[in-house]
Amino acid sequence: MPIPINDSQENTPFALYGLAAEFKSPEALLLAAKGARNAGFTKMEAFTPFHIESLAGIIDPSFSGRGLSRTSFLPGITLISALIGMGTGFGMQYYSAVLDYPQTVAGRPHASWPAFIPITFEMTILFAGVAAVFGMLIINGLPRLHHPIFFHPNYGKPRHSQYILVIKANDPLYSTSAATRLLERLAGYNLVEVPLR
Numbered sequence: 173m174p175i176p177i178n179d180s181q182e183n184t185p186f187a188l189y190g191l192a193a194e195f196k197s198p199e200a201l202l203l204a205a206k207g208a209r210n211a212g213f214t215k216m217e218a219f220t221p222f223h224i225e226s227l228a229g230i231i232d233p234s235f236s237g238r239g240l241s242r243t244s245f246l247p248g249i250t251l252i253s254a255l256i257g258m259g260t261g262f263g264m265q266y267y268s269a270v271l272d273y274p275q276t277v278a279g280r281p282h283a284s285w286p287a288f289i290p291i292t293f294e295m296t297i298l299f300a301g302v303a304a305v306f307g308m309l310i311i312n313g314l315p316r317l318h319h320p321i322f323f324h325p326n327y328g329k330p331r332h333s334q335y336i337l338v339i340k341a342n343d344p345l346y347s348t349s350a351a352t353r354l355l356e357r358l359a360g361y362n363l364v365e366v367p368l369r
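In the working numbering, each residue carries its 1-based index in the sequence shown increased by 172.
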């Protein structure tokens with residue numbers, strides 16, 4: 173059931189996530205996102221059935237285009253975890269072979285680091301991989317079992333031409349009337365206020 177658009181955000185009987193508009197094509201969505209960005213809106217979100225080149229850079233200018241935001245902590249988390257894994261792998265072997273239970277085999281030194289390389293490498297990869305997966309899930313806020321866009325009446329319907337742009341209500345410039353005028357001017361249709369429930 174579509175939610176009618178109110179004239180002001182203060183009069184809404186529910187907390188508002190934003191104003192959503194549908195567009196007929198990926199090109200129209202790109203133009204609308206550029207228009208909203210040029211109008212000064214900074215908090216937007218787009219929902220499409222497939223990846224649209226350069227859309228993420230318009231929605232979030234800090235996006236680098238390589239799949240990571242310039243402010244992403246994921247590479248740092250992965251590197252630190254890899255170093256911790258490397259230290260753990262090497263340290264546990266050093267402890268067991270040199271400190272806890274030293275054995276002299278064929279006159280080799282107890283701290284024979286070439287023998288420690290395979291386990292050190294495997295622990296490095298294990299720690300980095302696990303940290304990258306869980307770091308990505310945490311940074312992306314996943315798993316997310318609910319999203320306000322699920323209240324949009326047409327979201328999730330089996331259509332291949334569903335391109336939705338949402339101007340979020342927490343944008344400093346947001347007012348329902350201004351966002352409505354802008355989205356209508358940018359060829360948006362089926363405008364719906366999306367509640368934040």
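All residues carry an ideal CB built from backbone N, CA and C; glycine is no exception.
State yes or no: is the C-beta of residue i within less than 7 Å of the C-beta of residue j?
i, j, result
"residue 304", "residue 250", "yes"
"residue 307", "residue 255", "no"
"residue 339", "residue 219", "no"
"residue 345", "residue 212", "yes"
"residue 270", "residue 278", "no"
"residue 300", "residue 253", "yes"
"residue 337", "residue 201", "yes"
"residue 343", "residue 215", "yes"
If I'm right that residue i touches residue j with Cβ under 8 Å, what's the distance once you round it to whole angstroms?
i, j, result
"residue 288", "residue 266", "7 Å"
"residue 217", "residue 335", "Contact doesn't hold; Cβ gap of about 12 Å is too wide."
"residue 318", "residue 366", "Not quite, the Cβ-Cβ distance comes to about 13 Å (not below 8 Å), so this is no contact."
"residue 204", "residue 358", "4 Å"
"residue 311", "residue 268", "That belief does not hold up - the Cβ atoms of residue 311 and residue 268 are roughly 36 Å apart, past 8 Å."
Taking 7 Å as the limit between beta carbons, can you name the residues of its chain near residue i, skipping five residues before and five after?
i, result
"residue 258", "292, 295, 296"
"residue 341", "181, 188, 189, 190"
"residue 206", "230"
"residue 264", "none"
"residue 209", "230"
Looking only at its chain, what residues have a beta carbon closer than 6 Å to the beta carbon of residue i, apart from the 5 residues adjacent to it on each side?
i, result
"residue 361", "194"
"residue 327", "321"
"residue 356", "none"
Going by beta carbon distance, what residues of the same chain come within less than 8 Å of residue i, once the five residues before and after it are set aside?
i, result
"residue 174", "A caution first: residue 174 carries a pLDDT of 46, below 50, which makes its placement in the model too unreliable to give a value."
"residue 309", "315"
"residue 368", "186, 187, 188, 189, 320, 341"
"residue 274", "282"
"residue 276", "282"
"residue 298", "257"
Exercise for the section: May I ask you to verify whether the stretch 351 to 363 touches the stretch 218 to 237, counting CB pairs closer than 8 Å and requiring at least 3? Expected result: no
Problem - 4 or more residues per run - each alpha helix (DSSP H) lying fully within the stretch 285 to 314 - result: 285 to 311
Practice task
Note down, one range per segment and in chain order, each beta strand (DSSP E) of at least 3 residues found wholly within the stretch 256 to 284.
Solution key: none
Exercise for the section: Any chance you could list the alpha helix (DSSP H) runs of at least 4 consecutive residues sitting entirely within the stretch 193 to 248, in chain order? Expected result: 198 to 210, 227 to 231
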